[in-house]
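Data block below; observations after.
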Amino acid sequence: MIARASLAVLCVAQSALAADFFWPDITNVFSFGDSYTDSISRIVNGSLSPPNDAGTAGGGRMWIEFVAQTYNVSAVNLYNFAYGGAVTDETLIAQSSPATQSFKDQVDSFLEFYANNTELANWDANNTLVTAFFGINDVGKSFWWTNETVEETNARVLASYFERLALLRDAGARNFLLLEVPNIGRTPNLIKQGLNGTLQANASADYNTQLAAAVPIFEQNSTDVGTPVNIKIHPTREVFDFLLDNSDVLGFQNVTAGWWTGLSTELQGEVSLATYFWWNNFHPSWGVHDFLGHSVAAFLTKWSGL
Numbered sequence: 004m005i006a007r008a009s010l011a012v013l014c015v016a017q018s019a020l021a022a023d024f025f026w027p028d029i030t031n032v033f034s035f036g037d038s039y040t041d042s043i044s045r046i047v048n049g050s051l052s053p054p055n056d057a058g059t060a061g062g063g064r065m066w067i068e069f070v071a072q073t074y075n076v077s078a079v080n081l082y083n084f085a086y087g088g089a090v091t092d093e094t095l096i097a098q099s100s101p102a103t104q105s106f107k108d109q110v111d112s113f114l115e116f117y118a119n120n121t122e123l124a125n126w127d128a129n130n131t132l133v134t135a136f137f138g139i140n141d142v143g144k145s146f147w148w149t150n151e152t153v154e155e156t157n158a159r160v161l162a163s164y165f166e167r168l169a170l171l172r173d174a175g176a177r178n179f180l181l182l183e184v185p186n187i188g189r190t191p192n193l194i195k196q197g198l199n200g201t202l203q204a205n206a207s208a209d210y211n212t213q214l215a216a217a218v219p220i221f222e223q224n225s226t227d228v229g230t231p232v233n234i235k236i237h238p239t240r241e242v243f244d245f246l247l248d249n250s251d252v253l254g255f256q257n258v259t260a261g262w263w264t265g266l267s268t269e270l271q272g273e274v275s276l277a278t279y280f281w282w283n284n285f286h287p288s289w290g291v292h293d294f295l296g297h298s299v300a301a302f303l304t305k306w307s308g309l
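First residue of the sequence shown: 4, per the numbering used here; consecutive thereafter.
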């Protein structure tokens with residue numbers, strides 16, 4: 004009886020463990036984010052349209068496209084729901100346009116069109132990775148509020164953020180990669196703003212701290228409800244700082260101005276975007292996205308034990 008009871012406990016314990024994440028097994032990526040991820044794919048007639056890399060806020064391919072199409076180790080289908088200007092939850096922080104798709108909206112679109120439609124995406128718990136890259140607009144639109152502290156705002160935003168992850172988990176997703184907010188105080192736009200830039204940099208640092216603190220809670224909750232997950236945070240802030248600090252070695256000749264916003268149309272024809280860190284005063288160029296995509300792919304490889 005004791006042996007059988009012990010075996011039963013062991014079986015229950017094993018069933019409560021998610022299958023180990025293994026990057027070579029991933030054939031589907033569902034990506035959610037803002038303009039730092041947006042490849043201009045849109046829901047049209049019930050499915051995502053092809054990307055429009057010429058229209059991105061990086062002047063080319065985005066980091067998630069490099070992850071899925073260049074630094075992948077298996078054939079990967081990318082479903083990118085990201086939308087420029089997105090916040091996590093528009094009921095908490097207003098967006099610039101009612102047409103903008105927040106994280107909340109993006110997850111709703113996934114649930115409506117993709118979660119249970121294997122004709123659109125042949126996905127399951129083991130062959131799928133979910134990525135989320137939010138917080139830049141949440142911080143930028145709320146850091147100056149006086150009715151509550153930055154810490155309180157970030158806490159409310161992240162509560163909604165993890166509610167979205169829970170919905171994705173409940174729909175069957177088990178592998179999650181979250182990206183930090185970079186030090187947006189180092190963008191050309193905020194460098195010029197002095198104190199505002201410092202305040203936003205500090206607010207984004209707090210966001211990352213709270214994001215990290217929330218992950219083990221989400222992990223434990225997922226295990227408690229019988230749907231264990233694999234979840235990691237990519238050190239995005241550290242990577243951006245490294246790229247900026249070593250820009251000359253990496254081939255970026257200008258790190259203080261935007262190519263699209265700083266050069267005339269005539270000069271844009273003479274100066275390669277590849278030599279600029281920033282596409283405009285707030286968004287990194289496709290060259291930075293290339294480095295970020297490589298970093299993320301290396302992170303996923305290490306996570307897999309390879």
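Virtual Cβ for every residue (Gly too), placed ideally from N, Cα, C.
Pairwise C-alpha distance: residue j and residue i
i: threonine 212; j: glutamate 269; result: 44 Å
i: aspartate 244; j: threonine 134; result: 21 Å
i: isoleucine 5; j: glutamate 166; result: Bear in mind that a pLDDT of 40 at isoleucine 5, under 50, signals an unreliable position, so the model cannot answer this.
i: serine 307; j: asparagine 233; result: 11 Å
i: tryptophan 289; j: lysine 235; result: 24 Å
i: valine 228; j: glutamine 109; result: 24 Å
i: phenylalanine 137; j: valine 274; result: 31 Å
i: arginine 45; j: arginine 64; result: 16 Å
i: serine 163; j: asparagine 140; result: 15 Å
i: proline 185; j: aspartate 127; result: 31 Å
i: threonine 201; j: alanine 208; result: 11 Å
i: glutamate 93; j: lysine 107; result: 8 Å
Reference residue i; option with closest CA among the options
i: leucine 253; options: Ile187, Ile139, Ala277 and Phe25; result: Ala277
i: alanine 301; options: Ile43, Arg64, Asn284 and Phe69; result: Phe69
i: tyrosine 279; options: Gly272, Leu214, Thr259 and Ile29; result: Thr259
i: lysine 195; options: Asp251, Gly261, Ala216 and Val218; result: Gly261
i: serine 38; options: Pro27, Trp26, Asp28 and Gly62; result: Gly62
Beta-carbon gap between residue i and residue j smaller than 8 Å
i: tyrosine 74; j: aspartate 41; result: no
i: alanine 124; j: asparagine 31; result: yes
i: tyrosine 82; j: leucine 132; result: no
i: asparagine 178; j: phenylalanine 24; result: yes
i: phenylalanine 84; j: serine 34; result: yes
i: leucine 303; j: tryptophan 26; result: yes
Collapsed DSSP secondary structure at residue i in the structure displayed
i: tyrosine 210; result: helix
i: valine 110; result: helix
i: alanine 174; result: coil
i: phenylalanine 69; result: helix
i: leucine 81; result: strand
i: threonine 226; result: helix
i: lysine 144; result: coil
i: alanine 22; result: coil
i: histidine 237; result: strand
i: glycine 261; result: strand
i: glycine 58; result: helix
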